[in-house]
Amino acid sequence: MLSVHPSSRQTHPPLLRFLISALRIHILHTLALSKPLSLQHFDQMPPTQSSILVFADWVSREALVFDDFTYIFALGACARSPSLWEGRQIHARILKQGVWSNVLVQTTAIHFYANNNDVALARLVFDEMRKRSSVTWNAMITGYCSQRGKVVCYARDALVLFRAMLVDACGVKPTDTTMVCVLSAASQLGVLETGVGVHGYIEKTVLAPANDVFVGTGLVDMYSKCGCLGSALCIFWGMKERNVLTWTAMITGLARHGRGKEALELLDEMVAYGVKPNAVTFTSLFSACCHAGLVEEGLQLFHSMRSKFGVTPGIQHYGCIVDLLGRAGHLKEAYDFVRGMPVEPDAILWRSLLSACKVHRDVVMGEEVGKLLLQLQPQQSFADLVAASEDFIALSNVYASAERWEDVETVREAMKVKGIETKPGCSSVQTSG
């Protein structure tokens, strides 16, 4: 797999661990040559961060010469870390050594750049490939769907690429992983017709959704987000296997449609089915209680998280309870709940309470919460200024709801002193012609 430069005689433990892992990956690839190889196989045995740094250093000094499969593993490891700089060094070495023509090497590079949030460069690698496998298409589509920023834009790109895959890629068929990503893109965009079309394509050419827990879960999520809760329930109950993601997706769908009691009932069925809820499941359950006004049920569920289910409440769960109490007008209880938290409350949590104070016209508490919130803002970056602007406006609105115009003016003056500006919003409506 590799040859050592004559001038390099020292051993390095992290490097040895890396090379042993690379050898295991090489064996794994050899055993899997008879079928398409998913990039996930290369992520199951990651080296430590120090191993990546050592590898990149040896590559830059040209102390070692590796074969294609070692570079595949190295880029895959950098995709998981993530390690953008080290991965670029490895990419440069791949080009210099002349192993770039390997389709799997190029595909792993797409996976690496997408995981490091450089989806534009991942697409550039994809577009320049002369030959693409189903894993290549899957890597690019997955890369679009995994991006945290500009989700709608990338989801649209994923759907466009999927259509191109069906039309232009002769002999290449999407995998079940591809279909899960496409369903996720459709759900993010809320395009029901596209989602229904993908569902039909899955049943005709890929597999029966009832037989695949991940595809079935993707359909449940897509239909519930696109407003077809009945279709989501039909898919859900027709599945032969349901994991925690499936149950959570269905509970989230019920919560989104204001059917809180059904969501709580589904929790009981989930436990009876033998699946333990996780932290995300509880976030969805608390959301269901918030939208349905189930205050007592939500509080009981919160207090049973740790004792009954073994799930430690996180800041997002505390925020849900504050929102639950605030929506119901129990502002004093919400404030006491925040003060009694074992973790430090964040700005999002205080904003939730401040919003409730405005809705219920509790100016005294709103003033206190607003001042506490402003003290949390460092106001160093542009994002901090935007957040501070929103908090000042929220406090101003609390005063305005009580017609305390002098206090409104005081807040506005404080914004000017700090250099915080607000721009009026605008909207447009396209008419025929």
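Per full-length UniProt numbering, the very first residue in the sequence shown carries number 1; after that it's consecutive. Glycine included, every Cβ here is placed at the ideal spot set by N, Cα and C.
- The criterion of a C-beta distance shorter than 9 angstroms is not satisfied by V135 and A109.
- Taking the CA atoms as reference points, F309 sits about 50 angstroms from E409.
- At a cut-off of 4 residues, the continuous stretches assigned as alpha helix (DSSP H) that sit fully inside the region 210–281 are 213–225, 229–238, 244–256 and 260–273.
- At least 9 angstroms separates the beta-carbon of K173 from that of A210.
- Each residue's CA atom was taken as its position, placing N138 and Y144 some 10 angstroms apart.
- Looking from the CA of M165, the closest CA among I141, C234, V338 and I72 belongs to I141.
- Annotation: the continuous alpha helix (DSSP H) that includes A120 extends over V119 to E128.
- Judged by beta-carbon spacing, L183 lies within the 9 angstroms limit of M222, meaning their Cβ atoms are closer than that value.
- In its chain, beyond the 5 residues on either side, F42, L104, V105 and T108 have a beta carbon closer than 7 angstroms to the beta carbon of I72.
- The count of Cβ pairs closer than 8 angstroms, one atom from the region 305–319 and one from the region 329–336, stays below three, leaving the stretches out of contact.
- E297 sits close to G260, with the two beta carbons spaced by under 9 angstroms.
- In the three-state DSSP reduction, Q147 falls in the coil class, being neither helix nor strand.
- Where A208 is concerned, there is no enclosing alpha helix (DSSP H), because DSSP gives it neither an H nor an E.
- When the beta-carbon positions are compared, I202 and L219 come within less than 9 angstroms of each other.
- Judged by DSSP secondary structure, T70 falls within the alpha helix (DSSP H) whose first and last residues are D68 to R80.
- DSSP places S307 inside the alpha helix (DSSP H), whose first and last residues are V295 to F309.
- Per DSSP, reduced to three states, the secondary structure at W85 is helical.
- In the same chain as A155, and ignoring 5 residues on each side of it, the C-beta atoms closer than 6 angstroms to its own belong to A185, Q188 and L189, in chain order.
- Take the alpha-carbon of T194 and the one of A114: they are about 24 angstroms apart.
- A Cβ-Cβ contact shorter than 9 angstroms links G314 with A279.
- S401 is positioned such that its CB atom lies no closer than 9 angstroms to that of K371.
- Counting every other CB atom within 10 Å of its CB across the protein chains shown gives W247 a total of 16 or more, marking it as buried.
- Check the Cα spacing between A255 and each of H291, C234 and R351: the tightest is with H291.
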